[in-house]
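Single-structure report; data block below.
Residue numbers (UniProt numbering): 1 to 115.
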């Protein structure tokens, strides 16, 4: 029997996987619409962070960096250590940035998002 916490963590993992799959699909087939999948994934990540009152590591970024959801600020944060920059965004701002190809994940289904 699943506990509520393990079920919620599983839903978070599914949301992250859906987000990365959608980004990979957009990279390989840019003519397919993915806005809804991205929005749903980000919404589920926000829900998890708010429900459990914890920051959520969304994914590591390529070439270096991490993408976070910060529940206290209700913002996403792209942490880019190489130039020493952090970028805080709303869900809508992140969605637009992802559609433009910004903040790519390090890996997608055991391969780089590039190929």
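Glycine residues also receive a C-beta, built at the ideal position from the N, C-alpha and C atoms. As the structure is a prediction and not an experimental result, all values here were calculated from the model.
Where does residue i fall in DSSP's three states?
i, result
"residue 75", "strand"
"residue 90", "coil"
"residue 7", "helix"
Assign residue i to buried or exposed, taking buried as 16 or more other Cβ atoms, counted over all protein chains shown, within 10 Å of its Cβ.
i, result
"residue 49", "buried"
"residue 59", "buried"
Give a single yes or no on whether residue i has its beta carbon closer than 7 Å to a heavy atom of the ligand NAP.
i, result
"residue 7", "Absence of the ligand NAP is noted for the structure shown, with no ligands found whatsoever."
Measuring CB to CB, does residue i end up less than 8 Å from residue j?
i, j, result
"residue 7", "residue 22", "no"
"residue 20", "residue 26", "no"
"residue 79", "residue 86", "yes"
"residue 55", "residue 38", "no"
"residue 17", "residue 45", "no"
"residue 77", "residue 88", "yes"
Going along the chain, which unbroken runs of the alpha helix (DSSP H) with 4 or more residues stay wholly within the segment 26-79?
35-52
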